[in-house]
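Q:
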Amino acid sequence: MDLWDDDTCDTRFLQPYQATKTYLCPGCNRDIMPGTGHIVAVPHGAEDLRRHWHRGCWDARKRRRPLS
Ligand SMILES: [Zn+2]
2 MDLWDDDTCD TRFLQPYQAT KTYLCPGCNR DIMPGTGHIV AVPHGAEDLR
52 RHWHRGCWDA RKRRRPLS
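Under my numbering, the first residue of the sequence shown is numbered 2, with each subsequent residue one higher.
(1) Distance, Cα to Cα, residue 52 vs residue 27?
(2) Provide the residue span of the alpha helix (DSSP H) that contains residue 54, from first to last.
(3) Could you check how far apart the C-beta atoms of residue 41 and residue 23 are, in whole angstroms? I think they sit under 8 Å.
(4) Can the beta-carbon of residue 9 be found less than 8 Å from the beta-carbon of residue 35?
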């Protein structure tokens, strides 16, 4: 089962003004800089596993698999 499927996790969009920290995007293993709008994905029932993704990486994740 894919943890990051559309039907296995909830997503929300973090607005640029809400992004106040640097996050590591699992799609490309690069930083998401503060002030960058991006996707937060939360597997159902596993809030502590939530990850922050670049929007483009989230959209492209079916084509380029996460490294970890
Ligand atoms: Zn990314």
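C-beta atoms are modelled at their ideal positions from N, C-alpha and C, and glycine is treated no differently.
A: Let's see:
(1) Their Cα atoms are separated by approximately 7 Å.
(2) Counting along the chain, residue 54 falls outside any alpha helix (DSSP H), though it belongs to the beta strand (DSSP E) covering 52-54.
(3) No, residue 41 and residue 23 are not in contact; Cβ-Cβ is about 14 Å, not under 8 Å.
(4) Contact: no.
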